[in-house]
Structure formats: structure tokens, C-alpha cells
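Contents: one structure, followed by commentary.
Protein chains in written order, with our numbering: chain A, 1 to 232; chain B, 233 to 553.
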């Protein structure tokens, strides 16, 4: 099974502040499988462990026990930056997914190809795949290319973070309530961008949301998490 | 001939500008207030002076000074990233340790370089205020300025800036940010050590206390330069005609260059010169050398105040809408 699954969790436990009076079991023996090309949305209330589940997969939450496999490889002991070569992440807060004091163009150059240690000058043009995504999003990112990222509105920055994550060519995308701060119109347009990308290439999405109303366009499966335990 | 006060400010300002470039790299680009520089400046001077007095060549001495500075930055990096000690405390600890190491290297508190061949020996015959002598200092600083501007436009420079801005995003791209912090801190302290080696050769001695307060000198110079550039930009905006099409146009390739970093490096170079000019004027006006720290502190406070309150002043200057 693990050979075909994009993401597989086996009895994963995450405990915060272990051994202190503030000890919290955020995930309790969670097991789940996300197949390649599948979109799975995890719903649940505040404090249910949704975001912790994504962070455990991304390597930024302390996994006490259990196994995490990405595309069949055991990554449980891998550091976050190594897992990030396999995963894209869209945060609820776009500030985390972009460099606020760098220009829009520089943010886009970061996810374009090439080794980070290269001592050759960076081209002063955008990547073609990124340009296509920017054009389809309707965001004024071309005109704002020389502006600082923090000069964009919250919605525009979230759109930029989405395009950055999609253009990084990862086949697995983790989305942490990324539409929660968007109005209905912007939310619909961003979900359309994801739906087009899903139709265009095999992309596996694991997202968390409070509820799944209005995301039919993604044709997804959903499961519910409560108090760190999968309910169905 | 160049007036003595201007000549002195240029010579010192150009050599110290290289150290201020190092401060820019950590403080502004890597977002790491690195106090190691107080120790690595002296380290550069100590290594260079010791090498020169033991009949080694100038370039060997300079290269070893740079390597020693890089090593000092590496230790600060290891204390923070591997032991979890805070950035500020890591720098203070290395600075403290370097005091004893520098004394060990020099063997005493002061090494004289009189009658020793240094980088500037060929210009000793020329008197103070000689334009050619000054041009040498200018060229040395310009080489480092150009090198750092080039670094800023490379992919490595892009990732160094991104790491200082949002480490999470860089990690999210699959990059181990430890390497970037190591390069940033090492390079910064290497620049500071090279500056220390040049200053020791210029003044004719290396002293155990030559780096004391360098971080404040660097910040003061940077703030003076940034305040001047920000002031010039404010005046330009005040008299500029509004262009309604400005935001509608797709920017040209030239506007996509890292102008923010270029500006910070320019501010460092101009600020270092102005800092030493202001200090020289203060001394000429009768300020006691013991009050120099007070003057530097006031300069930093006024500079930061102008940076923080400058936009408010500009709004008042524009008057009611």
C-alpha cells in the first residue's frame, strides 16, 4: 500500500510540552492514507489537531511515536527542509509563505529552478510557468513585480503564496486553512486555480478546514478530526 | 591638495566602510545583530600584524586575517544553531573569548608596524592630502563594494536575503538554512577582519582595544548613511509630480535589481566617511576624546529617531491634503 500512497501515517502521536503540567496530546495514534492524485480535506473544530497533523507531516511538530511515509519513503526522522523537497505548504497566514521585505519578483525567483549556491546573476525575468499562473489568477503581480511583498493586500499575498507553492513543482501540497481569511469571490477564484492545476497534472492535496462548504470544485474526500482522533 | 580633516575622514572612512559592509550583511541582510565583530576586527589586526612582523607577505597576512574572521563567525553560528544559545549572547561570548585569543596571537597588547613593509608602505613618501594616496583607499573600498553588489544579484545573494527575511519560506523550498547562516556570518566577520588588518597597517600598529565599540561605530555609520539617503528620497518625493500611470506599468528589468541592498551598501560607504568626518569636526571644535562615545551614542539616537519619525515629518511638510 505504501508504494502507491502519496502520504501515509501509521499510528502517529504528537505530544506538546511533554513531561510538564501543560502536556497536550494533539494527535493520538492517527493513521491515514492519501493516494496519489487525491484531494483529502480534514475538518474539525479549533484545537482538534488539524494543523498539527499537517505540521507533523511537514516536520515542524514533535512526533512522539508512529511512522510517516511520503511516496513510500519513511521520512519520520527527516528534518523539515529535507521533507520540503517533496512537499509544498500553503499557510493560513500568507506572511509565513512569502518574504515580506523582498519584492514580488524576488519571491518568484526564489521558487524558480537553480541551485541556491549559484554565483551566477539571477535573470531579471519571471519563469514561464509562473507567468501562466499569474495571468490565470487575475492578480496584478506583473505590475507589482518591483514592489515589496508586504505592500500587497492580505488576499493578494495569499494568492501570491498559492502561485508560489503551485509553481514550485511539488507533487504533494499541504494547505492549512488557506482560504479562511478570504472573501467568497477571491476564495472561489483561488479554488478555481487549484482545480485547473489538478486537471493539468497529478497533484495530491491534503488540506485542513473548519468545514468543506463551497469547495466542491476540488472534488475531494473529507474526514473529521476531533481531539486528535480521526472520527470517520 | 585635500584639506587635512577631509583627507583623514576619507582614509579612515574608506577602510572602516569594509567593516560596516560586514555589519550590513549580518544586521540588515541576515537579520542577525552580531556582536562578534568587536572581536573579529581586532582579530584581523592581530593576525595581520603578527604575520607581517614575522616576515610574511602582505597578501598572506590579509588572507589569514580573513580566514580567522570567517572562523570567528563560524563559532558564533555554531553556538546559536547547534547549542541553541541566543544570537546576541553567542556574539558576546565569542567577542569575550576573542579578547584572550587576540592577546595570545599578539603576545602583548600592542604590536608596532613601523619600518615593516605593509600594503601602504609604497605611499609613505607621499604627504597627507595626496589625491593618489586617497585614490588607493577609494579603490580598495570600491572593490569590496562591487563584490558585494555582485553577490546581491546572484542566486546565493537572493537566498541570503530571503533567509534573513523569512527563514520558514527558505526551509519550505527545501534549503538547509544553516548553510546560509554559516556563509553570511562567516563572510561578515571575514570582511570585518580584513578591515581590521587594513586599519592596523594604515595606523602603523595593532592594538588589543582597536575593535572595542566597532558594532556601535558600524551602526552609527549605517544610520547616518541611511538617514542621508532617506532624506534625499523624501525631498525628491516632496517635489516630484504624481504619476498616475506609475502603478499600472509593468516595471522595467532595471527596477527589478536589488536596489534595497545596493542602497544599504551605499549608505554604509557614505555613512562611514561622514561618521569620521563628524568625529574629526567634533574633535577640532574641542570635544574631549573621552566624550567620543557620548557623541556616537547621540548620533545613533538622532539617526534612529529620524528613521522612525521621518515619514511623520514628511507628512507635516506636505501640509494638509
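All C-beta atoms in this analysis are idealised placements derived from N, C-alpha and C, irrespective of residue type, glycine included.
- For chain B, is any of its Cβ atoms less than 8 Å away from the one on residue 310/A? Because chain A in this structure spans residues 1 to 232, residue 310/A falls outside the shown range and cannot be described.
- Spatial distance of residue 24/A from residue 184/A (CA atoms): 35 Å
- For residue 527/B, the nearest candidate out of 465/B, 509/B, 264/B (CA to CA): 509/B
- Message: Just to confirm my understanding: we take residue 142/A, look at its own chain, exclude 5 residues before and 5 after, and list those with CB closer than 7 Å. What are they?
- Response: 134
- Scan the stretch 366 to 393 of chain B for residues whose Cβ lies nearer than 7 Å to a Cβ of chain A and list them as they occur along the chain. 385, 386, 387, 388, 390, 391, 393
- Query: Of all the CB atoms in chain B, is at least one closer than 8 Å to the CB of residue 6/A?
  - Reply: no
- Message: Does chain A have any CB closer than 8 Å to the CB of residue 469/B?
- Response: no
- For residue 202/A, is the classification buried or exposed, using 16 other Cβ atoms within 10 angstroms of its Cβ as the cut-off for buried? exposed
- Would residue 407/B count as contacting chain A if we go by Cβ distances under 8 Å? yes
- C-beta contact flag for residue 257/B and residue 370/B at 8 Å: no
- Establish whether the CB of residue 109/A and some CB of chain B are separated by less than 8 Å. yes
- Message: Determine, for residue 71/A, whether the minimum Cβ-Cβ distance to residues of chain C falls below 8 Å.
- Response: Checking the listed chains, one finds no chain C in this structure; the protein chains it contains are A and B.
- Message: Below 8 Å, how does it come out for the stretch 11 to 18 of chain A and the stretch 56 to 70 of chain A: are there three or more Cβ pairs, yes or no?
- Response: yes
- Message: What ranges does the alpha helix (DSSP H) occupy inside the stretch 254 to 301 of chain B, keeping only unbroken runs of at least 4 residues that lie completely in it?
- Response: 269 to 285
- Output, in chain order, the set of chain B residues within a Cβ distance shorter than 8 Å of residue 85/A. 406
- Could you tell me whether the Cβ of residue 29/A comes closer than 8 Å to any Cβ of chain B? no
- Task: Flag residue 160/A as yes if its beta-carbon sits less than 8 Å from any beta-carbon of chain B, otherwise no.
- Result: no
- Message: I want to verify the contact list: residues of chain B whose CB lies under 7 Å from the CB of residue 102/A, in sequence order.
- Response: 393, 394, 397
- Message: List, from N- to C-terminal side, the alpha helix (DSSP H) runs of 4 residues or more that fit wholly inside the stretch 473 to 531 of chain B.
- Response: 491 to 516
- Express the C-alpha separation of residue 155/A and residue 553/B in angstroms, rounding to a whole number. Low confidence applies here, because residue 553/B scores a pLDDT of 49, under 50, leaving its location unreliable and the question unanswered by this model.
- Query: DSSP on residue 464/B, reduced to helix/strand/coil?
  - Reply: helix
- Roughly how many angstroms lie between the CA atoms of residue 556/B and residue 280/B, to the nearest whole one? With chain B covering only 233 through 553, there is no way to say anything about residue 556/B.
- Message: Three Cβ pairs or more, each shorter than 8 Å: is that satisfied between the stretch 97 to 116 of chain A and the stretch 405 to 419 of chain B?
- Response: yes
- Are any of the Cβ atoms in chain A nearer than 8 Å to that of residue 403/B? yes
- Task: Tell me whether residue 397/B sits in a helix, a strand or coil according to DSSP, three-state version.
- Result: helix
- Spell out whether any CB of chain A is found under 8 Å from the CB atom of residue 488/B. yes
- Identify the continuous beta strand (DSSP E) that holds residue 381/B and give its terminal residues. It is not in any beta strand (DSSP E) - residue 381/B instead sits in the alpha helix (DSSP H) that spans 363 to 385.
- Task: Return no unless some Cβ of chain A is closer than 8 Å to the Cβ of residue 553/B.
- Result: Annotation note: pLDDT 49 at residue 553/B (below 50); position unreliable, coordinate value reported separately. No, its Cβ sits nowhere closer than 8 Å to a Cβ of chain A.
- Which whole runs of the alpha helix (DSSP H) in the stretch 414 to 441 of chain B are 4 residues long or more, in chain order? none
- Query: Looking at C-alpha atoms only, which residue of 495/B, 431/B, 445/B is the closest neighbour of residue 458/B?
  - Reply: 495/B
- Item | Terminal residues of the beta strand (DSSP E) in which residue 106/A lies | Per DSSP, residue 106/A belongs to no beta strand (DSSP E); it is in the alpha helix (DSSP H), 104 to 111.
- Message: Please state the DSSP three-state secondary structure of residue 537/B.
- Response: helix
- Message: Whole angstroms are fine: how far does the CA of residue 525/B sit from the CA of residue 260/B?
- Response: 23 Å
- Query: What are the boundary residues of the alpha helix (DSSP H) that residue 156/A is part of?
  - Reply: 154 to 166
- Item | Euclidean distance between Cα positions of residue 2/A and residue 206/A | A caution first: residue 2/A carries a pLDDT of 44, below 50, which makes its placement in the model too unreliable to give a value.
- Count the CB pairs spanning the stretch 414 to 430 of chain B and the stretch 497 to 511 of chain B that are closer than 8 Å, and state whether there are at least three. no
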